[in-house]
Amino acid sequence: MAALLAAAGLIGRLAWLQWLPAMTSGASVDHWHSASIQQREQQVVLSSGRGHFTDRHGVPITGEMIQALAAFPVRYGAWGEPDELDRLAAALDVRSEELKQWLAGLREASFWQAPGEREPLALTAR
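Note that the numbering used here has the sequence shown beginning at 5, numbered continuously upward.
And the structure:
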């Protein structure tokens, strides 16, 4: 009897989770809907594993390839040694505090961008 009651409760809860959010139009539903759309629109492609194709004039036809700094959210302060962060900040031409603030604010994978830009900042060989 108890097992039957538990199974009925579980099935009821699953039905609630599956169908009820679609019937409501509250702010939380709108939030999750917009978050799912945003997730589908954004992507971080580190390497597609495919070659880079060019036309007969050497112009890329499969997209532009750049080297850029990608960072992933980790526990506060688990970013490496302080001297490594200082060297990275110098290579990016920013203060160490600015780099640490950016790292601390990450909530998802992101590329380093120049101030006011939307595209990742291409790194050079220096």
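All residues carry an ideal CB built from backbone N, CA and C; glycine is no exception.
Predicted, not measured: the structure shown is a model, and the values here were computed from it.
Quick check on this structure: which residue in the options has the alpha carbon closest to the alpha carbon of residue i?
i           : options         : result
residue 104 : 113, 93, 10     : 93
residue 107 : 73, 13, 10, 127 : 73
residue 124 : 88, 9, 75, 87   : 75
Ends of the alpha helix (DSSP H) at residue i?
i           : result
residue 60  : Careful: residue 60 lies outside any alpha helix (DSSP H) and carries neither H nor E.
residue 102 : 100 to 108
residue 88  : 86 to 96
Can you give me the C-alpha to C-alpha distance between residue i and residue j, rounded to a whole angstrom?
i          : j           : result
residue 38 : residue 5   : 43 Å
residue 90 : residue 110 : 19 Å
residue 60 : residue 20  : 58 Å
residue 83 : residue 100 : 12 Å
Does any residue of chain D bring its CB to less than 8 Å from the CB of residue i?
i           : result
residue 128 : Although the question refers to chain D, the structure presented lacks it and comprises just one protein chain.
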